[in-house]
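To start, the structure under review is shown below, and the notes come after it.
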């Protein structure tokens with residue numbers, strides 16, 4: 091393996107750096123999403139709604155505090171704001187607007203945390219093939235130099251080395267890009283699911299305020 095990497099020429103160094111960065115980010119995001127997906131968000135939302143209908147917002151807050159993940163944090167922000175407004179005897183319309191806005195603001199923060207470092211995978215997926223193509227060009231240059239000196243000793247070796255460099259860097263660039271793009275596609279789908287659940291939780295909270303005040 092090391093011998094093949096060395097045959098890829100100088101472009102293999104940035105490619106290997108991109109590979110390490112990509113693997114690190116994929117591992118980091120996989121762990122984060124796996125932890126989020128272990129949380130039963132439907133059960134949490136059901137507990138919150140049941141507690142609110144029982145006029146026990148403190149229990150709803152406790153349920154959110156005992157949970158983790160972006161949905162729990164958004165619900166917690168909305169519930170705390172709701173209790174503060176209830177203490178001030180605000181009218182339902184004001185409560186609906188303020189709670190909805192607070193949850194929307196917190197949801198934006200939560201989604202940004204969920205999508206943290208995803209742009210790094212985009213960069214790896216874009217840059218790796220370009221470095222691979224650059225290696226292809228430098229490899230072909232080496233090959234042509236070998237052809238030019240084919241009559242001299244070692245010319246055939248230069249041609250073979252140039253072709254090896256071109257093929258290895260091209261393959262490495264594509265493999266590294268795929269290892270970044272495919273997980274990123276999966277992470278984007280999971281992120282969309284979380285965002286949808288946050289929107290549904292916000293809508294449930296606002297609907298409760300409208301129907302119970």
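In this note's numbering, the protein residues as written are 91 to 303. Think of the CB as a built atom: it goes at the ideal place given N, C-alpha and C, for glycine as much as any other residue.
Nearest to residue i (by Cα), restricted to the options the options
| i | options | result |
| --- | --- | --- |
| residue 109 | 270, 277 and 288 | 270 |
| residue 205 | 285, 262 and 186 | 285 |
| residue 121 | 280, 291, 289 and 293 | 280 |
| residue 191 | 201, 175 and 168 | 168 |
| residue 113 | 293, 152, 259 and 207 | 207 |
| residue 138 | 156, 234 and 181 | 156 |
| residue 225 | 261, 199, 201 and 195 | 261 |
| residue 214 | 229, 230 and 265 | 265 |
| residue 227 | 257, 202 and 268 | 257 |
| residue 128 | 158, 111 and 101 | 158 |
Residue i, DSSP secondary structure in three states
| i | result |
| --- | --- |
| residue 145 | coil |
| residue 269 | helix |
| residue 127 | helix |
| residue 173 | helix |
| residue 181 | coil |
| residue 132 | helix |
| residue 263 | helix |
| residue 190 | helix |
| residue 207 | coil |
| residue 102 | helix |
| residue 158 | coil |
Beta-carbon separation (whole angstroms), residue i vs residue j, contact threshold 8 Å
| i | j | result |
| --- | --- | --- |
| residue 193 | residue 295 | 6 Å |
| residue 143 | residue 300 | So it is not a contact: roughly 14 Å between Cβ atoms. |
| residue 141 | residue 125 | About 24 Å separates the two Cβ atoms, so there is no contact after all. |
| residue 134 | residue 162 | 6 Å |
| residue 288 | residue 200 | 7 Å |
| residue 175 | residue 151 | About 14 Å separates the two Cβ atoms, so there is no contact after all. |
Environment of residue i [buried if 16+ CB atoms lie within 10 Å]
| i | result |
| --- | --- |
| residue 103 | exposed |
| residue 117 | exposed |
| residue 119 | buried |
| residue 255 | buried |
| residue 274 | buried |
| residue 220 | exposed |
| residue 179 | exposed |
| residue 216 | exposed |
| residue 160 | buried |
| residue 148 | exposed |
| residue 136 | exposed |
| residue 276 | exposed |
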